[in-house]
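Enquirer: Numbering (the numbering used here), first residue to last: 10 to 954. Beta carbons: idealized from backbone N, C-alpha and C, even for Gly.
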């Protein structure tokens, strides 16, 4: 069995799908649709190739080690539960892609919709197939981001903007809570691997952190699956295009929380707190949402609340947690996906043809849309639980498990609530059919009087799902019994579970009586409300008032924004001195509080006398710092003195035999000084004397406290013996890293991931500087405003000399780069040396001439360099996966080519090359944007403060 198929299933829509759709859009809408459908269908077929083995009980697991020390692995798992959800995601996704082609107007970007749907499909597949909690969380958040973009597809509409923000806020907050729960779960079990965690239920439930772990994970599941009190985001997300609603908000994303509950059920089952919370939250959501659905005037609003209700039913069954209840939940997940996806598509057809989704305007469409009306009646009957439909069977199973697993007054109350929920479900289902197709004359208030049946392609997906509703309702054992039982075994981890027999008839019993009451009561309730058109006039919003979720959410955001502004006004006063004061004060407090009364004194380590060079360097450093304090109001002098401080630190590194650090320090010092001097041309030459005498004393006390505190901590550390880890790196640098320069081996091998993060941040900082400095350039400032540092051509002698300096610097840079793995040097230092050489060219030739020679128009070349550097560094790490090694694991070999003799080659050199290019690109981009002569400089009065 080929286990590598699992990541391929995810990568197909994530990589191939998004690239293919973006490329095919230049041809035609039809070709774009075929590409998207083909990718989705391919993932579906790959899943089907594994279906027989997996539904027979096999589990496929594929793992690539990534950060094993942190418990993060690229681990995938395909069991019956993951396969079922993946089949729903790809199967219904394929139908949605077909439907979207016919639904979306040519005025709207079909490729944009397909691209976002591909991204979402990959994220949902990632959730279904992940075998690592942290990897699952990454895909979980990707669903939130992609759904935010999909709900806000029509970004010009206020409703779309509000709905997308609300969905992202609620599900994002839930995801953050879930992250906390996963971390606690990892701390309890010592692993994030799901297959290992599922066998530790006793250890987890007996742990002191079990309750917060459970509550945090439930928050994530409830917010994603729109359970009370987080349900209100789902109806507001109906501003999305109908294909999005049919896919995300009926069949896939809203079931992510349900999938999580089903996946982690073995570790929670048996815990009373879990069963009580999940069962009754689901039961309340089931009844509450069904009632509200009856009175919604928007077709998609009605379907949204009915979705919330059915999700509550599934959650309630998972809360009960018995094997038969889990089987019923699995069965209803399948049934709900079929009839609800079809109903959303039908709502889109009605809107597409009639021009409205408003139930107050729709009536009598039976004569105009007879085929669509038939599909609606079939799928609505399934939603209501009418016999001979799949919805009836799973609703009967729900009633049965509710009665079998609860007892006493709790059972009676729960049965009554469930029956009322059934009545309401029938009522809103009848309203959907009667209100649209029969209630009144033909199209009396319909905007489009010429409504007609859509093309076959638009009806086909809904027709297929409607047929499945009937087939499963008539032949449940033949079509789904094995799948349901296999999935229930995978969810409960009970291999000896005999399974449930799904049949149309189980005799006369209480669940059948409840269904009968629901059918009769629901029809009667609706027609009582509809008599005289009263239901069209009923509006629950005035009765609910401020207790509506949307209103409470808006109030929360309003007060959050108001309080944030108050806090901002109180703290963000535009004075750097104030900001530094708070930063330093809290830093001192954070360090001092844990150490207070800790009894820390000087250690027992034998003290040594300070050498003469240390005293000299200390005096130089003290003098430079004192001069900076004295001249800090004169910005130019302060920058130059800070450069002198950096030089003293460089000498310290030299004295301590740290040439790599010395080279890095001096090059960083010079480049930083140049950047700061250029930045100062945007500011007045003098810092205003804003501090009063009391403030100066206050600042002095805080500064001295901070300095003394750091000195004290340093003293405590230096006077104590400690176990250094340097011996490990010194011993393993050659055998594992293939280099004698331990510092460089640490940077590009042992701590390569850190270095990759650092150069990524450096690139982001450079791009941020480009955005920040838009309209604020260092050229053209006046002497009262600041100094002019525009790069103008320099004298001839300097220009000639600089050309030699460039060649020499590039040779030195190459030498430093090549020797870095075994001698002091490396990509970072080489990049800074190259940057200095290019800065000299800017100064000598002028920015325009220098960028013309480099073909670096407006810094665009440097942005490309940053991207190339990051890609090279990333690919060097990804390459390790091809040999089954963790990300950024390096390799080294010795080769002996003719003439050259033995040469030592290390893959870390490729990573170092990426570091080199990124450093050069980021540094030069910041230099370029500060001296760009094509933008407006700052003018105006000297700023205060």
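With a cut-off of 8 Å, do at least 3 Cβ pairs link the region 206-226 to the region 158-174?
Expert: no
Enquirer: Please report the distance separating the alpha-carbon of residue 425 from that of residue 521.
Expert: 14 Å
Enquirer: Using 7 Å as the threshold, is the C-beta distance between residue 939 and residue 636 below it?
Expert: no
Enquirer: Taking only three categories from DSSP, how would you classify residue 740?
Expert: Residue 740: helix per DSSP, three-state reduction.
Enquirer: Suppose contacts are defined by Cβ-Cβ distances below 7 Å. Is residue 822 in contact with residue 842 by that definition?
Expert: yes
Enquirer: Whole angstroms is fine: what's the gap from residue 190's alpha carbon to residue 212's?
Expert: 16 Å
Enquirer: Where does residue 524 sit, in a helix, a strand or coil, going by DSSP?
Expert: helix
Enquirer: Mind checking which residues open and close the beta strand (DSSP E) that includes residue 76?
Expert: 69-76
Enquirer: From residue 30 to residue 396, what does the alpha carbon distance come to, in whole angstroms?
Expert: 43 Å
Enquirer: May I ask which residues mark the beginning and end of the alpha helix (DSSP H) holding residue 446?
Expert: 417-446
Enquirer: To which residues does DSSP link residue 902 through a beta bridge?
Expert: 914
Enquirer: Could you tell me the boundaries of the beta strand (DSSP E) in which residue 84 lies?
Expert: 81-87
Enquirer: Short of 8 Å in beta carbon distance, which residues of its chain neighbour residue 662, apart from the five on each side in sequence? Order them along the chain.
Expert: 668, 670, 671 and 674
Enquirer: Can you check which of these residues, 39, 268, 258 and 331, is closest to residue 135 by C-alpha distance?
Expert: 268
Enquirer: Buried or exposed: which applies to residue 23, given that a residue is buried once 16 or more other Cβ atoms fall within 10 Å of its Cβ?
Expert: buried
Enquirer: Please report the straight-line C-alpha distance between residue 586 and residue 277, rounded to a whole angstrom.
Expert: 52 Å
Enquirer: Does the region 152-161 come close enough to the region 270-287 to have 3 or more Cβ pairs within less than 8 Å?
Expert: Fewer than three beta-carbon pairs drawn from the region 152-161 and the region 270-287 are found closer than 8 Å, and the two stretches are therefore not classed as touching.
Enquirer: Indicate whether the contact test is met: 3 or more Cβ pairs, each with one atom in the region 319-334 and one in the region 288-305, closer than 8 Å.
Expert: yes
Enquirer: Can you give me the Cβ contacts of residue 850 inside the same chain, cut-off strictly under 7 Å, excluding the 5 residues immediately before and after it?
Expert: 811, 815 and 859
Enquirer: Compare the beta carbon distance of residue 187 and residue 226 with 7 Å and say whether it is the shorter of the two.
Expert: yes
Enquirer: How is the alpha helix (DSSP H) around residue 981 delimited, first residue to last?
Expert: With the chain running from 10 to 954 in the structure shown, residue 981 is simply not present.
Enquirer: Looking at the structure shown, is residue 207 part of a helix, part of a strand, or coil, going by DSSP?
Expert: Three-state DSSP puts residue 207 in coil, outside helix and strand.
Enquirer: Relative to the C-alpha of residue 391, which residue among 458, 371, 75 and 481 is closest?
Expert: It is 481.
Enquirer: Is residue 354 closer than 7 Å to residue 108 when the C-beta atoms are compared?
Expert: yes
Enquirer: Taking DSSP as the reference, what is the three-state secondary structure of residue 750?
Expert: coil
Enquirer: Return the CA-CA distance between residue 604 and residue 591, expressed in angstroms with no decimal places.
Expert: 20 Å
Enquirer: Going by beta carbon distance, what residues of the same chain come within less than 6 Å of residue 209, once the five residues before and after it are set aside?
Expert: 198
Enquirer: Hey, residue 350 and residue 259: beta-carbon distance below 7 Å or not?
Expert: It is a contact, given that the beta carbons lie within the stated cut-off.
Enquirer: Would you mind reading off the limits of the alpha helix (DSSP H) that contains residue 196?
Expert: 167-198
Enquirer: Which first and last residues belong to the alpha helix (DSSP H) in which residue 487 is found?
Expert: Residues 485-488.
Enquirer: My assumption, with CB atoms under 8 Å, is that residue 74 sits in contact with residue 202. Please give the rounded CB distance.
Expert: Between residue 202 and residue 74 the Cβ distance is about 12 Å, and since that is not below 8 Å, they are no contact.
Enquirer: According to DSSP, simplified to helix, strand and coil, what is residue 113?
Expert: The three-state secondary structure of residue 113, taken from DSSP, is coil.
Enquirer: Under 7 Å, do residue 495 and residue 64 count as touching if we go by C-beta distance?
Expert: yes
Enquirer: By DSSP, does residue 956 sit in helix, in strand, or in coil?
Expert: Since the first and last residues shown for the chain are 10 and 954, residue 956 lies out of range.
Enquirer: Could you give the DSSP three-state label for residue 643: helix, strand or coil?
Expert: Looking at residue 643 - three-state DSSP - the assignment turns out to be strand.
Enquirer: Kindly indicate which three-state DSSP category residue 402 falls into: helix, strand or coil?
Expert: helix
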